[in-house]
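Residues in the sequence shown are numbered from 47 upward in steps of one, following this note's numbering.
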Amino acid sequence: MRKVKIFLFFLLVAVLTVPAYGQDGDDRLTIHLRRDFGYRSVGRIQGRFTISADGPHDLERVKYLLDGEFFAEVSEAPFKYSFSTSEYAVGAHTFSAVGTTASGAEVISEEVRLEFVSAEESWQQVANLAVPLMAGLVVLMVLGTLLLTLTGRRSGSFKLGNYGSAGGAVCPRCGFPYPRHFISPNLLVGKLEMCPHCGKWAIVPRASRTALDEAETRFRADAEIGLLAQESEGGDAQEQHKLDETRYFDS
Ligand SMILES: [Zn+2]
């Protein structure tokens, strides 16, 4: 029972309020402005726009006024009219509209205040937004690369033959292979990477398997030479020691 009463109450409210709102909306003429091409910021426009209006259901024609003077007249819903701000003086303007219904009644819209800006100014506005955005992106890219280099150095994990999803690269300076970072910036021909062996920054493409094999051989050979050099140094010292000993015993 309670539910039925609540339902009836809301039904009554709906019946009473809907026609009242409908009546209100019918009396009004509202101007809409759509941007087709150009710039639009709070109250400032530049470029190609389409003005339209809606109002009473029997609205027959709408006359638009710019600064109180005739602008355009349209007799077909939704009363669209396209214009370019470049055809009018730069500065503050006021749009308004007068609609005529089938019964001959007039409906008047509220005024819409807008500032027409020059093309140069609108580009300036766009640049004001875009330039810091680009600068921010560049800073992020540089920071990201630096961070990768630092963390890469700290872990110091270079495993021969293990290059990950971004593939391996061959350093153009020392000719040794190294893995490319997945998150490193892509710069058309390759990724910006720093060689973990010699520290050379370069834009490196993904190296072919053959190129990597060659570079790995070079790396191994170099590592062996390094080991041999260390060994021979140690060996020399030992031999020298022995020589000293024999000399000692000789004398
Ligand atoms: Zn290198």
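Just so it is clear, CB atoms sit at the ideal spot from N, CA and C, and this is done for glycine as well.
These figures come from a predicted structure and were not determined experimentally.
Closest by CA to residue i, which one among the options?
i, options, result
"G114", "S168, P242, S155, V235", "S155"
"T256", "L183, A215, K109, T146", "A215"
"V235", "G221, L160, V250", "V250"
"H78", "R159, S149, H103", "R159"
"A30", "L273, N174, T76", "Missing from the structure shown is residue 30; the chain here goes from 47 to 297 and no further."
"Y209", "P242, T191, G190, L233", "P242"
"S149", "L105, L112, N174", "L105"
"T191", "S168, K237, N174, A176", "K237"
"V184", "L273, N174, N232, E270", "N232"
Determine which residues share a DSSP beta bridge with residue i and list them.
i, result
"H139", "L160"
"L233", "G236"
"T147", "L105"
"E152", "T146"
"I249", "L238"
"D100", "T76"
"Y224", "A215"
"L111", "F116, S142"
Would you call the CB atoms of residue i and residue j closer than 8 Å?
i, j, result
"F228", "A248", "no"
"E262", "L193", "no"
"K246", "R219", "yes"
"A99", "A143", "yes"
"T131", "Q170", "no"
"D82", "S128", "yes"
"R107", "S87", "no"
"Y134", "F162", "yes"
"T147", "P178", "no"
"S164", "V188", "no"
Does at least one heavy atom of ligand 1 sit under 7 Å from the Cβ of residue i?
i, result
"F228", "no"
"F265", "no"
"R80", "no"
"F222", "yes"
"K246", "yes"
"R219", "yes"
Got a sec? Which residues, its chain only, sit under 6 Å from residue i by beta carbon, not counting five neighbours each side?
i, result
"F116", "none"
"L258", "G214, P223"
"K109", "E119, V144"
"T140", "D113, E157, R159"
"R90", "E161, V163"
"S168", "Y85, Q92"
Once you ignore the five residues that flank residue i on each side, which residues in its own chain have a CB closer than 8 Å to its CB?
i, result
"A253", "G213, G214, A215, V216, P223, A261"
"V172", "Y85"
"A181", "none"
"C244", "C217, R219, C220, F222"
So, at 7 Å on beta carbons, what are the nonlocal neighbours of residue i in its own chain, with the 5 sequence-adjacent residues on each side left out?
i, result
"E239", "A215, R226, H227, S230, A248, V250"
"F125", "S98, A99, V108"
For residue i, decide whether its Cβ has a neighbour in chain D, counting only Cβ atoms nearer than 8 Å.
i, result
"S211", "Here chain D cannot be found, since the structure has a single protein chain."
May I ask you to check if the CB of residue i is nearer than 7 Å to at least one heavy atom of ligand 2?
i, result
"P242", "In the structure shown, ligand 2 is absent; the only ligands present are ligand 1."
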